[in-house]
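Working notes, beginning with the structure itself.
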Amino acid sequence: MTEPSAAAAGSPGEKATTDDGFIVFDQISKRFGKNVVLDDLSFSVGSGERVTLIGPSGSGKTTILRMLMTLTKPDSGTIRVGEDYLYHEERNGELVKAGEQHVRKVRGRITMVFQQYNLFPNMRVLRNVTEAPVHVLGRSQDEAEERAKELLDMVGLGDKLRAYPSQLSGGQQQRVAIARALAMDPDILLLDEVTSALDPELAAEVLDVLRDIAKSSDITMLCVTHAMKFARDVSHRVLMFDQGKIIEAAPPAEIFDDPKQERTRTFLESVLDET
Amino acid sequence: MTEPSAAAAGSPGEKATTDDGFIVFDQISKRFGKNVVLDDLSFSVGSGERVTLIGPSGSGKTTILRMLMTLTKPDSGTIRVGEDYLYHEERNGELVKAGEQHVRKVRGRITMVFQQYNLFPNMRVLRNVTEAPVHVLGRSQDEAEERAKELLDMVGLGDKLRAYPSQLSGGQQQRVAIARALAMDPDILLLDEVTSALDPELAAEVLDVLRDIAKSSDITMLCVTHAMKFARDVSHRVLMFDQGKIIEAAPPAEIFDDPKQERTRTFLESVLDET
Amino acid sequence: MSAGLWNYMFEGLLVTLQLTIFGAILGLVFAFAAGLARLSGNKLLRGMGFAYTEAFRGLSALVVLFWLIFVLPTVFGVQLAPLFAGVLALSLNIGAYGAEVVRGAVRAVPQGQIEAAIALNFTPWQRMRKVILPQAVVAMIPSFSNNLIELLKATALVSVVFLSDLTFGAQLVRASTGNTAGTFGLLLVAYGLIALVFTTLMRLLERRAAASLGRTVPPGMIARIFRRTEASA
Amino acid sequence: SRVDLEATTEGGSLLDELRSRGNVRMGFANERPFAYIDSEGNLTGQASEVGKTIFRRLGVEEFVPKLADFSSLIPGLNAGLFDVIAAGMYITPARCEQIRFTNPDYNAPYNLLLPEGNPKGLGTVEDFVRRDDAVIGVIVGGVEQGIARDIGVPDSRIVVFPDQPSGFDGVLAGRADAFLLTGLSLRSALEARPGTPLELGPPFVAVVDGVEQHGAGAFGFRQDQGNIVNDFNRELADMKSSGELLEIVEPFGFTEAEMTDLTADELCSAPVS
Amino acid sequence: MNWDWQIFWDSFPRLLDGLVIALQATVVGYLIALVLGLVFALLRRSRLVWVSAPVGLVVEFIRSTPLLVQLFFLFYVLPQFDVHLSTLMTGAIGLGVHYATYISEVYRAGIEGVPQGQWEAAKALNLPARRTWTSVILPQAIPRSAPALGNYVIAMFKDTPQLIVITLPEMLTTAQGIGSETFRYPEPITVAGILYLATALVMSWIARIFERRFGTVRAA
Ligand SMILES: Nc1ncnc2c1ncn2[C@@H]1O[C@H](COP(=O)(O)OP(=O)(O)OP(=O)(O)O)[C@@H](O)[C@H]1O
Ligand SMILES: Nc1ncnc2c1ncn2[C@@H]1O[C@H](COP(=O)(O)OP(=O)(O)OP(=O)(O)O)[C@@H](O)[C@H]1O
Ligand SMILES: [Mg+2]
Ligand SMILES: [Mg+2]
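Chains as they are written, first to last, in my numbering: chain A, 1 to 275; chain D, 276 to 550; chain B, 551 to 783; chain S, 784 to 1056; chain Y, 1057 to 1276.
Listed below in structure tokens is the structure:
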């Protein structure tokens, strides 16, 4: 698995590397109390592009994903997804605060997989995956179950439909969470350190599943990860964050093998050094 | 930092690699319910020797350290530390269950640093470090404080004496915990994944401190760690655990570069693969 | 209302406050004694602690009070001063609840803290005194604060047996003026205000204690009225 | 903080104790017109004022009011919480077994307290036996509960109020259709609440098994305190004959008609109903 | 020491009637408290301050004032405003409303005990608010609350002696009644105490069984 990333990224998403401004962060700022986390940040991601966010702890990576998922509101700036703004709507040519209705519509295109899985413990695996398609997308129960079984098969859990999350290992839970997210047919998939709660062997399982998905679909992906090998393998572009700014953005081959910034270099050293 | 471990281990503890049976586990068994964790395990560690325990999750590494710290009792077998048994005393030539008094005496030579630091949140940093020397070793307040300041300086926290643990970062807390353990002047220091609750950069800080201590004293150390680089750097010997057994024991150079067992090889691959 | 009637209310208020404060102090003693007894290694002590908490949590303070006032004198020939009987009945009751708080808080101290104390070779008593209790006490304060309000409310019971507390004073006023709605309305407000004062004081205490562990403090009564958690979005 | 109950020379030495202590603790149930706290907050009423006068004559000048539920008066006295019951308590044979009464200082008939207009047309206790939709209210620990029962009102239609004001509020709130008490009490309490939509029925003497139920009230002491009872009776007799008694009680609505020569012994030995 | 066993044994049958009434009040009161408590808890979480604040005020007020006084109020004052409830209903409502304020806190703790991640996951799946409550949050929150809910039945039962002030002939009132007829207080009061204690112990035993059956939350 040491093929250079450029080749890996090649297969379905050749066009993806051209940034057509599918997701656009424009002058986003966010502070928690006195702690300025993001300061006037702008960047964009193309449709079908797979972007990995790396950077030291506290640099604001999770905050970016949470904003897209509407779990954390920006203090100022706008976020656009496709034609629509996320926190704003256009009314009479002016941008105004978006109503719940509008936010739900835009949010419908996005979904997120969490570090802590966050499966619903009161539902069996199958229902975890069908609940939202049935009650949000309005799919029929049968249709939803069929698709859910397909997805669970794909992540290697076809035999766990009737299990409760508490009866699964961490890696299995994380794979259910991925199936659950994919069942929503999202345009955009957000992944926040989806393997760091797992031990190395379980993490490898989950990364394999994600690698397959990445290569066989043209979903737009934003991942935060410390698994540099994975970043190298699947992403078209890596964004290096430090103190709420993007200090370097480049294809993985470039950023890992020849970082331009001193900070990137030291960061990568400490991470690669670790084991 | 890529010097071969053999050289690194050289400095103070040359004699240490010879195992003089300072700590001796003899036919130790332990089960939790139906789960047999350790089965008839025997091994020994020499005085001044630095040993790293590696192995997959659940293989019993933590259990070993906890037994030495008298936090978990073995079901059968004996543990000897120097001249004394840990859970037994000799009375009229026979080994009998040890009284609290005896256990406390033997335990006095050992101390442990935990993954979760376990600093006392109700005491400031300085008092965390002086409390036990004053009340257990019977040192005077002044003497204990002087030594505590020395140790805190050594771990780079000379300016945090008056802080509460909750006001420190994880890496800082872990360093206080190390100073607190060293203040007891233990013969034996146990370290259980002391960096795995930390992010990579904080972990590096803590490992540096430990490396310095290892190299400048002849304390006997048992560490459980996933930081293979650290294991390679400081230990005289690495014990590979699997399913409650030691399946391979060798100096780090040998075990990392030329493992004898297939299981060791796959384990090391998955771990080194991770980042 | 005349000055004379106000005076009854005022004296009733004093009795209510005395019952609450002395009841709280004595209750605290019972709570720690029974709570720690239940954690003791000694079977007998554990049994006594258990019997006490079960019995007095199971009995209404009113029943205990009736017993102290009516049964003790006739059967055993001992008459407690009414205020003392009131304090005793209330504190036995609240102490049983407090004992559970003490026990729970001690057990909630993370196992890691105890293990760290063992790793530093503290004696069992040193562990309790230096590590466990200082942390447990902080965790007890919010529950004790609730218990204090329970106690305040329970003091109204004593009016059924001779003690001229605030409720009793109000009953006098009601009898004398015939204004039932007004008197009880006033009474409810009075208890509400006393409770507010107590909770505010306890909140200050809680804040100070929690600050020493670097914890955040839950909101007080007024803040709770306006409370709404982020999550409910 | 204990009080020794085993006080005792023959006939008791309560009066000496009171004299040396300088005060007497008077138990009462806040019931107009016998003993109650007036709108100024002072203890007053027929029994209170008579009691005060007699104690003053006996050399005790200070009075400590001790308020209690009516039903708690006897156990409270016996538990040593106060020295005398000064609440206009009726003498009944059952009570005589518990405490020692002085001779009565009044004798009064019963009335019913009714909602204005008496919608159910109730007049006597017997009416409650007949009408199964009528609920009678009594005071906890009072003799009225026993009377109502013995006349044949079922328990399910007897509501026991904790005190006199509750009885009034109870009739107002429709918790009972009438409240049974002496006319004296009811009249006096009604005066304190001008404008309430309540009225009194006609007075009657309740008869249980052919025995007239007198409402003759007196002061009560603990059983072992015979001496002070004798002293009390002596002063009371003196005041009756001098007319001073009537003078004291007139302001509380008592008249010549309520004066009585019955003795405690007679009332105590009346056949038990 | 004087003690009349005759009266002691004779007291049981009449006091048992009182026990039945106390239990009736407890059961009805508890049902009210369970439902009203959930209503309070949900209203207090409302995003509309003009809903959450007044409800909060009322709940805190009821919670911090004595049940005894509230019972007086309900029993004697409400009818003056033409609200007529039977004595037993007044008792049950008094207990129910009072305990609803506690129980709302239990539900609140249960709801807040549902990890934040569950809300976020529901949002990431775009589940609507109603569905989030009914299929994700409440099914986790209510089992979490179960042990504490059990405790409040017992607490409520223990408070029934206070119904003495509203003439409800539960055990203590009956004991006092027997006392004023026979002038023997110790025996009936002791019997009442024994019956209260025994019932409470049985209840807590049952509550423990329920807790074991239903109180376990599946860890995620
Ligand atoms: N809810 C919050 N309240 C206060 N501060 C917050 C909150 N969420 C995040 N922060 C702060 O914002 C900063 C950025 O956090 P963020 O989680 O985005 O970092 P990150 O890059 O994801 O770090 P990590 O690699 O540790 O996950 C941090 O300093 C964090 O403490
Ligand atoms: N207190 C306990 N009760 C029950 N089982 C336990 C307990 N402590 C440990 N075990 C079990 O014993 C086994 C060995 O645990 P141990 O913590 O020693 O493993 P480890 O090698 O330290 O693993 P890790 O790398 O995950 O820390 C595991 O299967 C664990 O589940
Ligand atoms: Mg993050
Ligand atoms: Mg471990």
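For each residue, glycine too, the CB sits at the ideal point set by N, CA and C.
In the structure shown, S/ALA869 adopts extended strand secondary structure according to DSSP, grouped into three states. Taking S/ARG914 as the centre and dropping the five residues before and after it, the same chain places the C-beta of LYS903, LEU905 closer than 8 Å to its C-beta, in chain order. With respect to chain Y, the C-beta atom of B/TYR558 has no partner C-beta closer than 8 Å.
Between Y/ALA1178 and Y/THR1190, the gap from beta carbon to beta carbon reaches 8 Å or more. Pairing A/ARG263 with A/ASP242 gives a Cβ-Cβ distance under 8 Å.
For A/VAL224, the distance from the CB to the nearest heavy atom of ligand 1 is below 7 Å. Short note on D/ASN310: C-beta closer than 7 Å to some heavy atom of ligand 2.
In terms of side-chain proximity, the C-beta atom of A/LYS245 is found no nearer than 7 Å to any non-hydrogen atom of ligand 1. The DSSP-derived three-state label of A/THR195 is coil. The beta carbon of S/GLY998 lies closer than 7 Å to those of TYR873, ASN890, ALA891, PRO892, TYR893, THR965 in the same chain, with the five residues before and after it left out.
For chain S, the residues of the segment 625–652 of chain B that bring a beta carbon within less than 7 Å of one of its beta carbons are GLY627, VAL628, GLN629, LEU630, ALA631, PRO632, PHE634, in chain order.
Checking the 7 Å criterion, the Cβ of B/GLY742 is out of range of every heavy atom belonging to ligand 1. Remark: the C-beta of D/SER444 is outside contact range of ligand 1, defined as less than 7 Å to any heavy atom. For a Cβ distance threshold of 7 Å, residue set PHE620 of chain B lies close to S/PRO858, ordered along the chain.
The C-beta separation of Y/ILE1210 from Y/PHE1131 comes to about 24 Å, leaving the pair out of contact by the 8 Å criterion.
In this structure, DSSP gives S/ILE874 a state outside helix and strand, which the three-state scheme calls coil.
Following the DSSP letters along the chain, one finds S/THR907 in no alpha helix (DSSP H), marked with neither H nor E.
When secondary structure is reduced to three states using DSSP, A/GLY55 falls in the coil class, being assigned neither helix nor strand. With a cutoff of 7 Å, D/ASP517 does not count as near ligand 4, since its C-beta is closer than that to no heavy atom of the ligand.
For A/THR62, the shortest C-beta to heavy atom distance toward ligand 3 is below 7 Å.
Where D/SER317 is concerned, the enclosing beta strand (DSSP E) starts and stops at 310–320. For D/PHE395 against B/VAL659, the beta-carbon gap comes to about 10 Å, at or over 8 Å, which does not count as contact. In the structure shown, D/VAL430 falls within a coil segment according to DSSP collapsed to helix, strand and coil. For the options A/LEU38, A/ARG127, A/GLU89, the alpha carbon positioned closest to that of A/PRO165 is the one of A/ARG127. Here A/LYS229 has no same chain residue with a Cβ atom under 6 Å from its own Cβ, once five neighbours each way along the sequence are excluded. Going by beta carbons, S/GLY924 and S/ASP1014 fall outside the 8 Å limit. Counting along the chain, S/GLY1000 sits inside the beta strand (DSSP E) bounded by residues 999–1005.
The closest heavy atom of ligand 2 lies less than 7 Å from the beta carbon of D/SER332. Taken in chain order, the whole alpha helix (DSSP H) runs of length 4 or more contained in the segment 196–243 of chain A are 200–216, 228–234.
Here DSSP, grouped into helix, strand and coil, assigns S/TYR889 to strand. DSSP places Y/LYS1214 within a helical segment (H, G or I) once states are collapsed to three.
Counting only Cβ-Cβ distances below 7 Å, Y/PHE1128 has contacts in chain B at PHE734, in chain order. When DSSP states are grouped into helix, strand and coil, Y/PRO1225 belongs to the coil group. Per the coordinates, the alpha-carbon of Y/PRO1171 lies some 35 Å from the alpha-carbon of D/LEU543. Taking C-beta separations shorter than 7 Å and ignoring five residues to either side along the sequence, the partners of B/LEU698 in its chain run ALA574, PHE748, MET752, following chain order. A/TYR85 carries a strand assignment under DSSP once its states are collapsed to helix, strand and coil.
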